[in-house]
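Enquirer:
Written as structure tokens, this is what we have:
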């Protein structure tokens, strides 16, 4: 579910009739950004748009048609950005409104120091709401992407857990006795084998068939099981 809020900072003084109110300009900019963000953001993200004050000395003629917002070339939909506002009546004008976009999400952090090579389990991590607007190295919101994974590097207590810090657990180690599951439509054959390489789930490894002594390649399906096609 996408949550949103608009914050307008330092409302400008009301001008006499004939001038475009600063609030109407900022409202147009904020509403435009929220509309854009709602189409590009995934569920569970809370978004706050803060539009900054305009120069109080700025006086623009009241537009006779609806204000037209637009994104300037190169403008971002995260962090500090700007929105163009233009009046397209017979006496056109335009300006830019600076704004800040803040995105919040419930993401996983460590609950203690975790050394390199640790296999993550319940109690090693917890959900916490964070500002992810400028989070360039990523974050994790799904427990399935964490539980049982192995740390590539140590993480300090209360660290955000980035995806690139995790790797799949090795379900098979070189030298392990494994079951080779050969299957095709409606047919399954189980054979005994020996792993010639470490393997995580989904990886392709070489195994030796202990009956035929042939070396074949198969996909790691689960702990101690390698699948091949007949």
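Residue numbers (UniProt numbering): 1 to 230.
The beta carbon of each residue, even a glycine, is placed where N, CA and C say it ideally should be.
A quick note: this is a predicted structure, and the numbers were derived from the prediction, not measured.
#1: In terms of residues, what are the limits of the beta strand (DSSP E) holding residue 130?
#2: Secondary structure at residue 103, three-state DSSP: helix, strand or coil?
#3: If you draw a straight line from the alpha carbon of residue 203 to that of residue 221, how long is it in whole angstroms?
#4: To the nearest angstrom, how far is the alpha carbon of residue 213 from that of residue 226?
#5: Under the three-state reduction of DSSP, which class applies to residue 146: helix, strand or coil?
#6: Suppose contacts are defined by Cβ-Cβ distances below 8 angstroms. Is residue 106 in contact with residue 127 by that definition?
#7: Provide the residue(s) that pair with residue 199 in DSSP beta bridges, ordered along the chain.
#8: Which residues bound the beta strand (DSSP E) around residue 63?
#9: Does the region 74-83 come close enough to the region 99-117 to have 3 or more Cβ pairs within less than 8 angstroms?
#10: Consult DSSP for residue 164 and reduce its assignment to one of helix, strand or coil.
#11: Going by alpha carbons, who is nearest to residue 178 out of 24, 199, 166 and 192?
Expert: Taking the geometry as given:
#1: The residue labelled residue 130 in the question sits at position 130 within the chain shown. From DSSP, the beta strand (DSSP E) with residue 130 extends over 125-131.
#2: Position 103 of the chain shown holds residue 103. The answer is strand: DSSP assigns residue 103 an E or B state.
#3: Translated into the one-based positions of the chain shown, residue 203 becomes position 203. Translated into the one-based positions of the chain shown, residue 221 becomes position 221. Residue 203 and residue 221 have their alpha carbons spaced roughly 9 angstroms apart.
#4: For the purposes of this step, residue 213 is taken as the residue at position 213 of the chain shown. For the purposes of this step, residue 226 is taken as the residue at position 226 of the chain shown. Each residue's alpha carbon lies about 16 angstroms from the other.
#5: On the chain shown, residue 146 is found 146 positions in, with the first residue counted as 1. Three-state result, residue 146: coil.
#6: For this step, residue 106 is matched to residue 106 along the chain shown. For this step, residue 127 is matched to residue 127 along the chain shown. Against a cut-off of 8 angstroms, the Cβ pair of residue 127 and residue 106 comes out as a contact.
#7: Looking up residue 199 in the chain shown gives position 199. Answer is 172.
#8: Residue numbering aside, residue 63 sits at position 63 when the chain shown is read from its first letter. Under the DSSP assignment, residue 63 falls outside any beta strand (DSSP E); it carries neither an H nor an E label.
#9: The region 74-83 is in contact with the region 99-117.
#10: The count along the chain shown starts at 1 and reaches residue 164 at position 164. Looking at residue 164 - three-state DSSP - the assignment turns out to be helix.
#11: Numbered from its first residue, the chain shown carries residue 178 at position 178. Comparing Cα positions, the closest option is 192.
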